[in-house]
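One structure below.
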Amino acid sequence: MDATTRYRPFIYDVFLSFIREDTHRGFTFYLYKALNDRGIYTFFYDQELPRETEVTPGLYKAILASRVAIIVLSENYAFSSFCLDELVTILHCEREVIPVFHNVDPSDVRHQKGSYGEAMAKHQKRFKAKKLQKWRMALKQVANLCGYHFKDGGSYEYMLIGRIVKQVSRMFGLASLHVADYPVGLESQVTEVMKLLDVGSDDVVHIIGIHGMGGLGKTTLAMAVYNFIAPHFDESCFLQNVREESNKHGLKHLQSVLLSKLLGEKDITLTSWQEGASMIQHRLRLKKILLILDDVDKREQLKAIVGKPDWFGPGSRVIITTRDKHLLKYHEVERTYEVNVLNHDDAFQLLTWNAFKREKIDPSYKDVLNRVVTYASGLPLALEVIGSNLYGKTVAEWESALETYKRIPSNEILKILEVSFDALEEEQKNVFLDIACCFKGYKWTEVYDIFRALYSNCKMHHIGVLVEKSLLLKVSWRDNVEMHDLIQDMGRDIERQRSPEEPGKCKRLWSPKDIIQVLKHNTGTSKLEIICLDSSISDKEETVEWNENAFMKMENLKILIIRNGKFSKGPNYFPEGLRVLEWHRYPSNCLPSNFDPINLVICKLPDSSITSLEFHGSSKASLKSIFSSFHELNLFIWFLFLVFFLPLQKLGHLTVLKFDKCKFLTQIPDVSDLPNLRELSFVGCESLVAIDDSIGFLNKLEILNAAGCRKLTSFPPLNLTSLETLELSHCSSLEYFPEILGEMENITALHLERLPIKELPFSFQNLIGLREITLRRCRIVRLRCSLAMMPNLFRFQIRNCNSWQWVESEAGEEKVEVRYPNVLEYEKEKKEEGVLELESSLIKGSGIHIFREEGSMEEDIRFDDPYLSSSASESPSLLQTIALGTRKFSIAFFLFFSCFFILLFWFQSSKNDLIQLVFALSS
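Going by this note's numbering, the sequence shown opens with residue 37, and the numbers climb by one from there.
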């Protein structure tokens, strides 16, 4: 059997088949909306077609690209030859089909009686017998399927829609977990576990345990079982990495995730794990659920999450994977399965697939492969790593690698894995150790930013190499970076061996115990490059007493990340080479006064005591230091220094600056010295009242997040050509949306919530890339009709805004007629009811969705206001002019004084006197 499995990609979740004249404005439309509201992507063909139209190639592709088809069989369905052809196509494509018999009896469909008999009699006069036979067979086949039957007076439509959506949602909520690229030997293990689960017994609750050493594939087995049996339960949840997640986030977090998944509720807040245990017991006692706890290592985890079997409804099943067999005994788990190493044949096959990507190989490799299997001891993870490491190698290279394995005892699995590490290039080793020691579990985007600061972009290629060699699990852009526990242990062991007794002499520190020891006793050295404190220091949060001068000896420290711990005081010193500074709850109100952040790339100080974004590194101090060093050189070098070096004393490397939830931060100062800033965030800074205008001219800024700044009353004008994300929601004192000084095309969606703004400025139309606008709980009362003419806008959503009004164009503006179909239809409907005057155009905006079809307006409007027009970027604003003038003045200033110094050189013979003069002028 092939060890790989292929899946057909789908574009749509559901394809809706119906006849327009029966249910289009009623049942089918509400079903479509309910499916979309649950995030189920549904194909809904809303065009009126003649009944004789054939299925188009486009519709055929849509059927092929849909996972499930819902067929609404209504009274006139069979009168449409188009619908009958569509039904035949759906059944031919072998899609999952859910029939809905809407005001028709299934037996009428099955035997073509009633309206279905009349329809077939009518078709018999116009179509050939062969086509009629296909239709009859299709109707009989769909009538024999399990579906839903609605009859007027029998029940409510919304109840039936709810049941259909729940079934479909459950089908898609159980997306298959990726098990393994080569699931060799897995089938027999799944069979044994299935016997223990006894899924057919719905009157009991079974808790089973899967145990064994690390790297044997316990998680892989649990995933395979989950995929196999999940559809048999009301709800299911796979809690992965329980050990790691509980250490990092606590038991309450895991309980919240579990309850949210099984109850379908968001934002479940727990005050203690005891409350979470009580809620699990109370809310799940009647539900038939499937729960898998992966990698459990403590009794408290089982006590808090699974408790006793009577916590869950009859028929429920709980699977626990762990390395500790005693843990299962303690929790009285009687049904257990021990995962053993692979037998020789399965191990050989797994190694072959990983090393050659196929089942059959050159016979000359067979002997060396057998010997590698012996040394791998049947451990699946070791086989995958070794096979990937020797992919594409010759027999001689295999023999050489085997000789290396022979020098390492076969029972030392970590050492076997270390052989793969030794085969990496030096740069690949560094990237691997960085991840293993510090960045496992981080968001991929975070690791990308950190590596871009620490290395260059070319280092990102090494990530792919690590994935190929099975030293790093596959990651996508939005996922976390993960690696197997054994691989991580191996990497950390390698790093620890650099200095097992003195952690301050290692290159990387991640253990809370080692980090606190180094910071408390000031035992760091110049060898330290990365400190990452990302785990809890202790069960009870205690203030960490430490030596504030501890960083002085770490002159090569490049990355400092502290995400946990409450420190007693702030540092007195940071190394100049620091590139990444992330310190949650930073204890001081400012950075050290002697810190020159010229190399800083990422700076994050969330939830800290910081009061200002000012960087206190003194360029005067740098100037004096350089002059002192070069006092024996001629004045021409000083001239070059003054002209070219001083203008570059900007923080040109800084790309990320985040000060979220800094409650003492009152203002954002001049940031014009941050030309390469890509992300600026000060979310939830409740004391922030002022932002410098320079923030509006950061040409490389992509993300600007000021959400939740409750005291902020105004926002500077913006001319940010690279900006992609702008967040201003929950700024409850911000009454005016910022002016947009020039065309900004990269913002495609803008969501504004709980803002007291009353209208959007005329310059708002310079956001030419906007495709979607959402206003929620805002005090907006005036919307210009000209907004409808924004070139790319196709969705305008307003929710829970008290009242708002379209206003006609002002003098000098071209009049625009609003063509949002939903608004016009809504106004017409309300006018007929006598509750709305069309002349006022007043619409209550509570929950109304307003759309415009793309391409419906071809006219391209340009505005002539020189300050707010689309050409504003070409004609600089006053602020831009001032900023440009300031820069020119600075250059002229330095050139003038540089020439002045040269003239002085001819009139003074004492070089020392000249140096003193320079210092006097520079100070």
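Every residue, glycine too, gets a C-beta built ideally from N, C-alpha and C. It should be emphasised that the depicted structure is a prediction, and the values quoted were computed from it without experimental measurement.
For residue i, which residues in the same chain have their Cβ closer than 6 Å to its Cβ, ignoring the five residues on either side in sequence?
| i | result |
| --- | --- |
| Ala726 | Gln703 |
| Ser562 | Glu591 and Asn592 |
| Leu641 | Trp619, Tyr622 and Phe695 |
| Lys697 | Pro642, Asp643 and Gly720 |
| Val293 | none |
| Glu763 | Asn741 and Ala743 |
| Thr307 | none |
Assign residue i to one of three DSSP states: helix, strand, or coil.
| i | result |
| --- | --- |
| Trp546 | coil |
| Lys656 | Confidence at Lys656 is low in this model, with a pLDDT of 38, below 50, so the placement of that residue should be treated as unreliable; the coordinate-derived value is given next. Lys656: helix per DSSP, three-state reduction. |
| Pro797 | coil |
| Ser151 | helix |
| Ile304 | coil |
| Glu890 | Since pLDDT at Glu890 reaches only 42, below the 50 mark, its modelled position is unreliable, and the value read off the structure follows with that caveat. Correct three-state label for Glu890: coil. |
| Ile316 | helix |
| His185 | strand |
| Ile55 | coil |
| Glu715 | strand |
| Cys698 | coil |
| Asp333 | coil |
| Asn425 | helix |
| Trp347 | helix |
| Asn72 | helix |
| Tyr903 | In this prediction, Tyr903 has a pLDDT of 32, which is less than 50 and means its spatial position is unreliable; nothing more can be read from the coordinates. |
| Val817 | coil |
| Ile246 | strand |
| Val503 | helix |
| Tyr484 | helix |
| Trp582 | coil |
| Leu415 | coil |
| Gln685 | Residue placement at Gln685 is flagged as unreliable, the pLDDT there being 46, under the threshold of 50; a coordinate-derived value is accordingly withheld. |
| Lys202 | helix |
Under 8 Å by Cβ, that's how I've got residue i and residue j pegged, so tell me the actual separation to the nearest angstrom.
| i | j | result |
| --- | --- | --- |
| Asn608 | Asn585 | 5 Å |
| Phe610 | Phe631 | 4 Å |
| Thr78 | Tyr48 | 7 Å |
| Pro536 | Val554 | At roughly 14 Å, the Cβ-Cβ gap does not stay under 8 Å, so Pro536 and Val554 are not in contact. |
| Arg371 | Gly250 | Arg371 to Gly250, Cβ: 22 Å. No contact. |
| Leu298 | Cys273 | 6 Å |
| Leu438 | Arg407 | 6 Å |
| Ser750 | Arg790 | Not really, about 17 Å apart at Cβ, beyond 8 Å. |
| His520 | Leu426 | Contact doesn't hold; Cβ gap of about 19 Å is too wide. |
| Ile597 | Cys568 | 5 Å |
| Glu650 | Ile634 | About 15 Å separates the two Cβ atoms, so there is no contact after all. |
| Leu295 | Arg321 | So it is not a contact: roughly 13 Å between Cβ atoms. |
Within its chain, find whatever has a CB closer than 7 Å to the CB of residue i; leave out the 5 residues flanking it on each side and keep chain order.
| i | result |
| --- | --- |
| Asn277 | Asp330 and Asp331 |
| Val201 | Ala70, Leu71 and Arg74 |
| Ile55 | Ser110, Asn112, Tyr113, Ser116 and Cys119 |
| Cys473 | Gly527, Arg528, Glu531, Arg544 and Trp546 |
| Val377 | Leu252, Ser413, Gly414 and Leu415 |
| Lys964 | Residue numbering for the chain in the displayed model covers 37 to 959; residue 964 lies beyond these limits and cannot be assessed. |
| Ala383 | Val409, Ala412, Gly414 and Leu419 |
Starting from the C-beta of residue i, find all residues in its chain whose C-beta is less than 8 Å away, skip the five residues before and the five after it, and write them out in chain order.
| i | result |
| --- | --- |
| Phe264 | Val226 and Met230 |
| Arg807 | Thr784, Ala785, Asn828, Leu829, Phe830 and Arg831 |
| Arg746 | Glu722, His766, Cys767, Ser768 and Ser769 |
| Glu565 | Lys543, Arg544, Asn592, Leu593, Lys594 and Ile595 |
| Val50 | Leu71, Ile76, Tyr77, Thr78, Phe79, Ser102, Arg103, Val104, Ala105, Ile106 and Val204 |
| Ser53 | Ala105, Ile106, Ile107, Val108, Cys119, Glu122, Leu123 and Ile126 |
| Tyr81 | Leu52, Leu95 and Ala98 |
Would you say residue i touches the ligand SAM, meaning its beta carbon is less than 8 Å from a heavy atom?
| i | result |
| --- | --- |
| Gly720 | Inclusion of the ligand SAM in the displayed structure is not the case, the ligand content being empty and no account of it being possible. |
Counting contacts by CB-CB distance shorter than 9 Å, is residue i in contact with chain C?
| i | result |
| --- | --- |
| Phe208 | As a matter of chain content, chain C is missing from the structure shown, which is built from one protein chain. |
Could you give the uninterrupted runs of the beta strand (DSSP E) lying entirely in the segment 628-654, keeping only those of 3 residues or more? 638-640
Can we say the segment 137-153 touches the segment 179-198, given the rule of at least three CB pairs closer than 8 Å? yes
Indicate whether the contact test is met: 3 or more Cβ pairs, each with one atom in the segment 366-382 and one in the segment 235-245, closer than 8 Å. yes
Just to confirm the assignment: which complete alpha helix (DSSP H) runs, minimum length 4, are found wholly within the segment 95-182? 117-128, 142-147, 151-160 and 165-179
Counting pairs of beta carbons, one from the segment 429-436 and one from the segment 453-473, are three or more of them closer than 8 Å? no
With a floor of 4 residues, list each alpha helix (DSSP H) that falls wholly inside the segment 252-302, ordered by position along the chain. 254-265, 278-285 and 287-299
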